[in-house]
Amino acid sequence: MTIGVVFVFGLITVWAVYSYNRLVRDRNRVETAWSDIDVQLKKRHDLIPKLVATVDQYAAFERSTLTTLIELRSRVNSVDDLKRKGALEGEIGSGLRSLMALVEAYPQLKADQNFLQLQTELSEVENQIQYARRFYNGTVRNLNTRIESFPDLLIARLFGCRQRQFFELEGEHEAEPTKMEMR
């Protein structure tokens with residue numbers, strides 16, 4: 123009988139260690155995926171002043187759109203809450219779409235090589251943000267599912283694992299994807 127008890131205890135211990143390690147792995151994947159999003163968002167934020175400076179040379183009277191983008195860029199860097207960050211990033215995306223719409227009225231700007239280069243970079247960064255966001259949300263889904271699923275939820279509760287929020291950009295479902303290419 124003692125061999126049976128030791129065997130059952132050993133199985134439970136192996137299962138607990140295995141479950142804990144899977145939770146740690148999934149948590150680390152979520153954190154790595156968030157870092158990937160953060161890198162892409164910083165790249166986009168770094169492009170905004172360059173884009174604003176280039177557009178400002180041709181369209182100085184469009185100052186309100188340009189100022190709004192700079193202010194949003196500053197505000198989003200001070201936000202830690204994922205939902206609020208998503209809302210501000212959604213506003214930045216909307217501001218960039220507005221900026222690209224304004225560019226249509228300035229043929230010289232559309233022909234400027236610096237602007238075209240920035241536009242290409244911004245388009246690439248936007249695509250990378252979408253990819254990174256999808257990957258992050260997938261890893262969050264996997265972690266949250268594991269935390270909610272029996273028997274892993276026992277280990278998750280024991281060690282205080284918590285669910286993570288998805289990263290949604292506000293207004294994304296209503297708006298078309300940001301298109302940065304000019305005709």
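The sequence shown begins at 123 in the numbering used here and counts up one residue at a time.
Glycine is no exception: its CB is placed at the ideal position from the N, C-alpha and C atoms.
Secondary structure of residue i, DSSP reduced to three states
i: Phe272; result: coil
i: Thr124; result: helix
i: Gly282; result: coil
i: Asp168; result: helix
i: Tyr228; result: coil
i: Thr300; result: In this prediction, Thr300 scores a pLDDT of 48, lower than 50, which makes its location untrustworthy; the coordinate-derived value is nonetheless stated afterwards. Reduced to three states, the DSSP call for Thr300 is coil.
i: Val201; result: coil
i: Asp234; result: coil
i: Ser141; result: helix
First and last residue of the uninterrupted alpha helix (DSSP H) at residue i
i: Arg185; result: Arg185 to Val198
i: Gln287; result: Counting along the chain, Gln287 falls outside any alpha helix (DSSP H), and DSSP gives it neither H nor E.
Proximity of residue i and residue j at Cβ, strictly below 8 Å
i: Ala155; j: Thr267; result: no
i: Leu163; j: Gly215; result: no
i: Leu169; j: Val225; result: no
i: Thr187; j: Leu221; result: yes
Minimum C-alpha distance to residue i - residue among the options
i: Gly217; options: Gly132, His167, Ile134 and Gln230; result: His167
i: Phe237; options: Asn150, Leu265 and Asp178; result: Asp178
i: Val174; options: Gly132, Arg286, Arg195 and Gln250; result: Arg195
i: Asp148; options: Gly212, Tyr258, Leu244 and Pro171; result: Tyr258
i: Phe281; options: Gly126, Arg219, Glu213 and Ala138; result: Ala138
i: Gln250; options: Asp158, Val146 and Leu133; result: Asp158
i: Asn264; options: Tyr253, Lys205, Val152 and Leu210; result: Val152
i: Val201; options: Asp160, Gly132 and Cys283; result: Asp160
i: Arg286; options: Asn150, Phe272 and Gln241; result: Asn150
i: Gln230; options: Leu204, Tyr180 and Pro171; result: Tyr180
Below-8 Å beta-carbon distance, residue i vs any chain B residue
i: Asn266; result: Absent from the structure: chain B. Only one protein chain is present.
### Query
Is the number of C-beta pairs between the region 129-143 and the region 270-279 that are closer than 8 Å three or more?
yes
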